[in-house]
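Asks:
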Amino acid sequence: MENNRIQILKEILLDLHHGASPESVQERFNQHFRGVSALEISMMEHELMSSEDGVTFEDVMSLCNVHANLFKGAIADVEVADADQEGHPVY
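Numbering (this note's numbering), first residue to last: 705 to 795.
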């Protein structure tokens with residue numbers, strides 16, 4: 705996973721946070737991404753809240769519907785190991 709992808713996602717969400725229109729950030733998202741993983745989204749949100757940009761958990765939650773629409777149809781499937789397989793950590 706590239707840090708650059710997470711940085712671009714972070715910049716897009718910061719633009720939304722600062723009042724950019726969803727349409728303008730959608731165009732930027734589409735230029736850079738065909739798909740994005742839930743892990744990348746989670747990492748980006750964590751970095752935003754941990755940064756000095758002043759974005760709080762509440763800010764991220766208030767933008768949740770907006771960025772969910774932004775990522776709609778672009779979230780890539782993540783394969784999870786089958787817990788029934790021998791040697792899986794649950795055992």
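Where a beta carbon is used, it is the ideal one built from N, C-alpha and C, also for glycine.
1. Considering Cα atoms alone, identify which of S755, H750, K776 and E756 is closest to M765.
2. Report the CB separation of V729 from L720 in whole angstroms; it is logged as a contact under 8 Å.
3. Would you call the CB atoms of I710 and M753 closer than 8 Å?
4. State buried or exposed for F803, treating a residue as buried only when at least 16 other CB atoms are found within 10 Å of its CB.
Replies: So, from the data block:
1. H750
2. 6 Å
3. no
4. Residue 803 is absent from the model: the chain starts at 705 and stops at 795.
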